[in-house]
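Working notes, structure below.
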Amino acid sequence: MTEHVYKVVELVGSSKEGVDGAIRTAIGRAGETVRHLRWFEVTQIRGVVGDAGKIEYTQVSLKAGFTLEGD
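By our numbering, the letter at position 59 of the sequence shown is numbered 354, and the numbering carries on one by one without gaps.
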């Protein structure tokens, strides 16, 4: 088994499409600038409720790990 070292960043994604959409937003955007993303862990889920009592959008806080160059 290979040993790895990971760097961890905290991200917050939001979406009108729920939790899955918010996760995809955060990971998708991070993937544009961070190489070697390997995993994520959801740490918080929040939602915003509008005046009509409907969910307007969802926010997800997460930690994402990526391997360092050379690992």
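Using N, Cα and C, we set each Cβ at its ideal position, and we do this for glycine too.
Compute the beta-carbon to beta-carbon distance between residue i and residue j, rounded to the nearest angstrom, for a pair I have assumed lies under 8 Å.
| i | j | result |
| --- | --- | --- |
| S356 | E312 | The pair is not a contact, with the Cβ atoms about 17 Å apart (cut-off 8 Å). |
| E351 | G345 | 4 Å |
Go ahead and label residue i buried or exposed: buried means 16 or more other beta carbons lie within 10 angstroms of its beta carbon, across all protein chains shown.
| i | result |
| --- | --- |
| A347 | exposed |
| T338 | exposed |
| T320 | buried |
Can you give me the start and stop residues for the beta strand (DSSP E) that residue i sits inside?
| i | result |
| --- | --- |
| A359 | I350 to T362 |
| V337 | L332 to V344 |
| G308 | Y301 to S310 |
How far does the alpha helix (DSSP H) with residue i in it extend, from its first residue to its last?
| i | result |
| --- | --- |
| T320 | V314 to A325 |
Going by beta-carbon coordinates alone, are residue i and residue j separated by less than 8 Å?
| i | j | result |
| --- | --- | --- |
| K349 | V303 | no |
| R381 | F361 | Residue numbering for the chain in the displayed model covers 296 to 366; residue 381 lies beyond these limits and cannot be assessed. |
| L363 | V314 | no |
| Q308 | I318 | Here residue 308 is Gly; the residue named in the question, Gln, does not match the sequence. It is a contact, given that the beta carbons lie within the stated cut-off. |
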